[in-house]
Structure formats: structure tokens, C-alpha cells
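This report refers to the structure that appears directly beneath it.
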Amino acid sequence: MTIVAISREMGSGGYEIGAAVAKALSFDYVNRQILLEAAHAHGVPEATLLDVVERRPSLWERFDAERRRYLTFLEAAYYAFAERGNLVTASRSGPFFVRDVRHALKVRIMAPVEVRVRRVMAHESLDQKAATAKVRAYDREMSGRIDYLFGVDWTQPENYDLVINTTDDAWEFYTDLLVAAARHPRYQPTPESRQKVRDLSLAAQVRAAIATDPGTQRLNVEVTAEAGRVVLTGIVFSPAVLEAAADVAKRVPGVVSVSCETVEIPRVYPGPIM
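Everything in the sequence shown is counted per the numbering used here, starting at 4 for the first residue and increasing by one.
Right under this line is the structure:
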């Protein structure tokens, strides 16, 4: 059930390395399928989800409930794949989704800007100016996106187990390196780490169910899960709102029990008592 979660820069060769690693390990290889599965399950256009994943959010969009719903669907799709295990993912967000999973090998694949520009020029038949603009725009968008989603700088090595610099076109070496790391005892699942993935996945499925139901889809609620026991935490105007979310959560397969922890805010603030 090992998970190899790859985050890659444009022009670094991350997609190709991920595919080669998956083939060598006989693992499933998932990249765009996460978008497709989320789109299919929740009726959201794939292009909309792609925009949510890859574009830096504006200040207004950071507070947009609809965009939060879309991110919830993507998260649920990612964890559904992760729960199956024996998986290589090439998703910029992947290492951060599984940052607390012991048997997940979190990898960053990068290269200097000039190397990536050269590869983009060759691959997309662009001149140097256009390729440079594309690479730098991509870097800005992804830095903003990852910071918005996870509050981290995706370029920092401390966020990964392994960082690979693909300046040289040594693709077989990079593949062998990741295959060896994935087979290391450090990244073999334990009963505890398997349960961690199941808990993360169940919490994500509950969030997606709440975000899908017409009666609760605008509710911003925190969800945690432990061995089937789900806890919903939220700030609401009425406990009945969170109770409706609990009813939705109880219908999600795998949920054993649901409890709610709420902070109720009066709809009309009466002001200080004089």
C-alpha cells in the first residue's frame, strides 16, 4: 500500500518519471484521473476543477464558498485513490495531502529555470521568451495555490522526503532512485499508517457529502474521523444546521458514529448590556 506522492515543476520531467516509477513497481499511476473522478462524481466541469487547482486565487476567491466546495471534491477523489495504496501520484498537492502518512514517500522533482525553459521550448515549440514567461507564470500560480491550500512554501525541501534535481537528463537514474526508496522498509505501511489513510479518506468523503447536499453545501465545517467515528466542528447560527450535516455524514459508507461540537452565534448581536 505504499504511496509515492510526486510534486513537480513544469519542465522538470515529473510526469514522465512518475509514470516510469509506477510501471517499475506495478503501481497505479494517477495524475489527471483525480480531476476526472472528482468531476464525474460531483457533476463539476473538469475545466472548472483544473482552474481551481492550477490558478493562483484572487483575494476575493479565497473567501468564495463555491471554490471551497470544488477543493473538497478534489480532496475526496485524491484520498479515495490513496486508500487503495500501491500508488504513484503526480499532483502538485499530493505530498501535502499525505504529509501525515508515514508510508507515503513525498517527492519534489525540480530543475533550474533555464533547464525547464529549454525543455518547454523543445516540447511545445515555443521561443525562449514565450517559454520563459510560461514557466515563470506557472511557478507564481502554483506558489500562490499551494500557499492558499496548505499554508506552505512548496519550494522548500523540508516539505518532502526526497528532492530530485533533473538538470541532467538521467531519467533512468531518477526512476531507479525512487523505486529503491519506495521499496525501503521506511515506506512500507503499518496497521497504524493504513488506519491513518482510512481516517483521512473517510473525513474527506464526509466533507464532500456535506458539500454536495443542497441543505448543507454552504456550511463550512471541520471534519475529523477516527476508526469510523466522525466529529463535526463548526461555528453556526443554529445547532440545527450542524445537526443536518450530521444526518448527511451518517449516510456516508464507513461512518460508525457522528458527534458535533458547535459554537453558536446569535443572528442578531444585542450589544453590550448597559
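Glycine included, every Cβ here is placed at the ideal spot set by N, Cα and C.
Nothing here was measured: the structure is a model prediction, and the numbers come from that model.
Where residue i falls, given that 16 or more other Cβ within 10 Å makes a residue buried
i: A85; result: buried
i: S96; result: buried
i: P194; result: exposed
i: Q208; result: buried
i: H43; result: exposed
i: P98; result: buried
i: I238; result: exposed
i: W174; result: exposed
i: L52; result: buried
i: K282; result: No answer is possible for residue 282: the residues shown for the chain start at 4 and end at 277.
i: A214; result: buried
i: R210; result: buried
i: A228; result: buried
i: R170; result: The displayed chain sequence assigns Thr, not Arg, to residue 170. Exposed, because fewer than 16 other Cβ atoms sit within 10 Å of the Cβ of T170.
i: S10; result: buried
i: V259; result: exposed
i: A41; result: buried
i: K26; result: exposed
i: A125; result: exposed
i: A140; result: exposed
i: R189; result: exposed
i: A252; result: buried
Strand pairing of residue i, partner residues [DSSP]
i: Y32; result: V91
i: K137; result: In the DSSP output, where bridge partners are listed per residue, K137 has none listed.
i: S10; result: R111
i: S262; result: V234
Selected residue, minimal CA-CA separation from residue i, among the options
i: V255; options: S241, G237 and D202; result: D202
i: P192; options: L39, V104, A44 and D54; result: V104
i: A8; options: F100, H126 and T75; result: F100
i: G231; options: K199, G14, E40 and E12; result: K199
i: V182; options: A107, Y73 and I213; result: A107
i: E49; options: Y32, L28 and Y73; result: Y73
i: D179; options: V24, L152, A212 and G16; result: V24
i: T5; options: R111, F240 and R186; result: R186
i: S241; options: R119, T265 and G257; result: T265
i: A93; options: F30, R122 and A134; result: F30
i: L363; options: T236, R122 and L77; result: An answer regarding residue 363 cannot be provided, because it is not within the stretch 4 to 277 covered by the chain.
i: L39; options: E117, A22, A80 and S262; result: A80
i: R35; options: G21, P160, V258 and R148; result: G21
i: T75; options: L129, L222, R122 and W157; result: L222
i: R119; options: T135, S128, D130 and E19; result: T135
i: D54; options: G147, A125 and K253; result: G147
i: V138; options: R122, D150 and I149; result: R122
The beta strand (DSSP E) enclosing residue i, as first and last residue numbers
i: E225; result: E225 to E229
i: S165; result: One point to set straight first is that residue 165 is Leu, not Ser, in the sequence displayed. Start and end: L165 to N168.
Endpoints, the alpha helix (DSSP H) within which residue i is located
i: G97; result: G97 to F100
i: W174; result: W174 to R186
i: Q159; result: Segment: none, Q159 is in no alpha helix (DSSP H) and carries neither H nor E.
i: R201; result: P194 to T215
i: V120; result: V116 to E127
task = Decide if the region 72-90 is in contact with the region 161-171; the criterion is three or more beta carbon pairs, one per stretch, under 8 Å apart.
result = no
query = Are the region 244-260 and the region 215-224 in contact at 8 Å, needing three or more beta carbon pairs?
reply = yes
request  = For the region 113-128 and the region 10-19, state whether three or more C-beta atom pairs, one from each stretch, are separated by less than 8 Å.
outcome  = yes
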